[in-house]
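These protein sequences, in sequence, are chains A and B. The numbering of the first sequence is the working numbering, which starts it at 40 and goes up by one. The numbering of the second sequence is the working numbering, which starts it at 23 and goes up by one. Here is the structure we will look at.
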Amino acid sequence: MSLGNPRRRTAAGAAAAAAAITVGTLTASGCGSTGLTAPRLQTSLSRTFANLYVLQQTEQGNPEPSATSLDSHASCQKGGTPDITQDGSGVWLCQITYLVAGPGYPVIAKYNVDVQTDGCYAADGDGPASVNGSPTITGPHYKQLINPLSLIDGCFDTT
Amino acid sequence: MTLAADRWPAYPEPAPGPSGPGGPGGPATRTGPRSGTRTVWRLELAKLRGQGRVRAIAAACLVGPFVIVAGLNVQSATPGDTAFGQWVHTSGFAIPMVILGFGGQWLLPVGTAVVAGDIFSAEDHFGTWKTILTRSRSRRELFAGKFLAALTFATAAMMLLIITDLLAGLLAGTQPVAGLGGQLVPAGHATELVLVSWLSVIPPVLGFTALAIFASVASRNSVIGIGVPVVLTLAFQVATLIALPAWGQQVLLSTPFTAWHGFWEQPAYVGPFLYGLLTSAVWFTLCSAAAWLVFRRRTIGGAS
Numbered sequence: 040m041s042l043g044n045p046r047r048r049t050a051a052g053a054a055a056a057a058a059a060i061t062v063g064t065l066t067a068s069g070c071g072s073t074g075l076t077a078p079r080l081q082t083s084l085s086r087t088f089a090n091l092y093v094l095q096q097t098e099q100g101n102p103e104p105s106a107t108s109l110d111s112h113a114s115c116q117k118g119g120t121p122d123i124t125q126d127g128s129g130v131w132l133c134q135i136t137y138l139v140a141g142p143g144y145p146v147i148a149k150y151n152v153d154v155q156t157d158g159c160y161a162a163d164g165d166g167p168a169s170v171n172g173s174p175t176i177t178g179p180h181y182k183q184l185i186n187p188l189s190l191i192d193g194c195f196d197t198t
Numbered sequence: 023m024t025l026a027a028d029r030w031p032a033y034p035e036p037a038p039g040p041s042g043p044g045g046p047g048g049p050a051t052r053t054g055p056r057s058g059t060r061t062v063w064r065l066e067l068a069k070l071r072g073q074g075r076v077r078a079i080a081a082a083c084l085v086g087p088f089v090i091v092a093g094l095n096v097q098s099a100t101p102g103d104t105a106f107g108q109w110v111h112t113s114g115f116a117i118p119m120v121i122l123g124f125g126g127q128w129l130l131p132v133g134t135a136v137v138a139g140d141i142f143s144a145e146d147h148f149g150t151w152k153t154i155l156t157r158s159r160s161r162r163e164l165f166a167g168k169f170l171a172a173l174t175f176a177t178a179a180m181m182l183l184i185i186t187d188l189l190a191g192l193l194a195g196t197q198p199v200a201g202l203g204g205q206l207v208p209a210g211h212a213t214e215l216v217l218v219s220w221l222s223v224i225p226p227v228l229g230f231t232a233l234a235i236f237a238s239v240a241s242r243n244s245v246i247g248i249g250v251p252v253v254l255t256l257a258f259q260v261a262t263l264i265a266l267p268a269w270g271q272q273v274l275l276s277t278p279f280t281a282w283h284g285f286w287e288q289p290a291y292v293g294p295f296l297y298g299l300l301t302s303a304v305w306f307t308l309c310s311a312a313a314w315l316v317f318r319r320r321t322i323g324g325a326s
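Structure below.
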């Protein structure tokens, strides 16, 4: 067989170059950070919560609120103590403030949020019990439905 | 051309005559490396069709989703810890996504590796390289034909699985499903998202196919050819648990399997999918180039 074929060296060189370019590009794109930051999580969680709140209300046969009128805001902290780096996967504690009865009466819903490295999270409801405490809710005709706010699955872009 | 399965495989072409370059009849009149590759490819596909494991995977792709739907119907628990898990009894569209969530981590890489990790080393196992290479097919044609056969199998199995998955989901119910942004996704759009999500994992599956082929060529051993991709999926799983920086996650070949999550968000995002395409392409290119470099310089006969 033809050893030391120049075409083979070309192919190897091309492969090495492709690897170097990729690693370089990817390194430059997000050096150091995991991309799992509090603002991204807060934006995603508050929006998802608002949409699911609307779903919960309609499933219960209540008048449908609009997601924007809730004006929901999330505030998340990792680990519960301020000295932990606010970045990365793990358990975050989040509070979502939203309005159902006018600007003077904010409601706060709490969640334990398990954030995975790919930017997806599972937010487990931690009160108040009437909002996210029970895994099921009662729909029209006493039908038991899944409570959309009890466990919230969502994702955000880490790139 | 090979006797890897103890018998001559059924040749798909009707009476092609001597199928060497310049041989008469049918497609064989097109001579040159392309028709040679095509001949090897068709023959390898015929061999694959005869393999028990290929038939088992095809059967699993065909009935697996329906079995899962039936299983979900007879019990009320929901698969936890995965996106869409809690909605499997609410909407049929959640079921294909739960299968993708689980399958993307293990089943899909292993499924393609079982075939691709064996397609070269089987010839070592049966000692048939010498037989093949004395035929009128060059190494390049053999490599390309076998490689294409493995890719064809992976793509065909994925297509089959996508179709049966969607059908099983539609069978289970076409109610709107809550997307990952909390938005209610109506049936039509949900169908599109299921299809697009499943299609988005084909590039990393092909990356694993090339990886298995490289392991198979380099080791000349089917156990290693299949085992290396399986062990790597495990290693990737462990690596995703560590707090790697974002670029560290992106270079793992397991990450593109989760890129579909962005399609179900509101607003949808495709950044992870595009990075995943790049990652898959790089893995695919490096592995196939390395496999070819090893294969073309290999000594066959003699001391091998």
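The beta-carbon is built from N, C-alpha and C at its ideal position, and this holds for glycine as well. Quantities reported herein were computed from a predicted structural model and do not represent experimental measurements.
Checking the DSSP bridge columns, you'll see P145 (chain A) partnered with A:L138. Of the candidates A:D126, A:V170, A:K182, A:V170 places its Cα closest to the Cα of L188 (chain A). Under the Cβ distance rule, T153 (chain B) does not count among the residues neighbouring chain A, no pair being separated by less than 7 Å. When DSSP reads this structure, G193 (chain A) sits in a beta bridge with A:Y160.
Within the region 119–152 of chain A, the residues whose Cβ lies closer than 9 Å to any Cβ of chain B are, in chain order, D126, G127, S128, G129. DSSP, reduced to helix, strand and coil, places Q183 (chain A) within a strand of the structure shown. Of the residues B:A172, B:Q73, B:V227, B:T112, the one whose Cα lies closest to the Cα of L122 (chain B) is B:V227.
Within the model, the alpha-carbon separation for T255 (chain B) versus P131 (chain B) is close to 7 Å.
Distances from the CA of P145 (chain A) to each of A:G172, A:K117, A:A113 were compared; the closest alpha carbon is that of A:A113. T174 (chain B) carries a helical assignment under DSSP once its states are collapsed to helix, strand and coil. For W286 (chain B), the closest of B:A92, B:V76, B:F106, B:A78 by C-alpha to C-alpha distance is B:F106. One alpha carbon belongs to L70 (chain B), the other to F317 (chain B), and they sit about 21 Å apart. In the structure shown, Q116 (chain A) adopts extended strand secondary structure according to DSSP, grouped into three states.
Annotation: I176 (chain A) is outside any alpha helix (DSSP H); the continuous beta strand (DSSP E) that includes it extends over 175–177. For S143 (chain B), the enclosing alpha helix (DSSP H) has its first and last residue at 143–148. Neighbours of H283 (chain B) across chain A, judged by C-beta separation under 8 Å: D157, G158, C159, C194. Cα atoms of P174 (chain A) and T112 (chain B): separation of roughly 14 Å, rounded to the nearest angstrom. Collapsing the DSSP output to three states places A200 (chain B) in a strand.
For V218 (chain B), the enclosing alpha helix (DSSP H) stretches over residues 209–221. Within the same chain, Q96 come within 8 Å of P102 (chain A) by CB-CB distance, once the 5 residues on both sides are set aside. Annotation: Cβ neighbours of P187 (chain A) in chain B (cutoff 8 Å, chain order): A200, G204. For the options B:A116, B:A166, B:S158, B:R161, the alpha carbon positioned closest to that of A138 (chain B) is the one of B:A166.
DSSP places D187 (chain B) in the helix class (H, G or I) of the three-state scheme.
The beta carbon of A312 (chain B) is closer than 8 Å to those of F236, A240 in its chain, skipping five residues each way along the sequence.
Residue-level contact by beta carbon fails for P278 (chain B) and chain A, as no gap is shorter than 7 Å. It is roughly 10 Å from the alpha-carbon of L263 (chain B) to the alpha-carbon of Q271 (chain B). DSSP places T255 (chain B) in the helix class (H, G or I) of the three-state scheme. Using a Cβ-Cβ cut-off of 9 Å, G293 (chain B) is close to D196, T197, T198 of chain A, given in chain order. Identification of residues in the region 80–94 of chain A having a C-beta nearer than 9 Å to some C-beta of chain B yields S83, R86, T87, F88, A89, N90, L91, Y92, V93, L94, given in sequence order. Look at V292 (chain B) here: in three-state DSSP terms it is coil, with no helix or strand label. Excluding five sequence positions before and after A200 (chain B), the CB atoms of its chain that fall closer than 7 Å to its own CB belong to W109, L206, given in chain order. Per DSSP, the beta-bridge partners of N151 (chain A) are A:L132, A:D163.
Counting along the chain, the unbroken alpha helix (DSSP H) around G93 (chain B) starts and ends at 74–95.
Chain-ordered listing is empty here: chain B has no CB closer than 9 Å to the CB of T177 (chain A), the nearest sitting near 15 Å. The DSSP-derived three-state label of T76 (chain A) is strand. Cβ contact annotation for A106 (chain A) (same chain, cutoff 6 Å, sequence separation greater than five): A89, N90, V93, in chain order.
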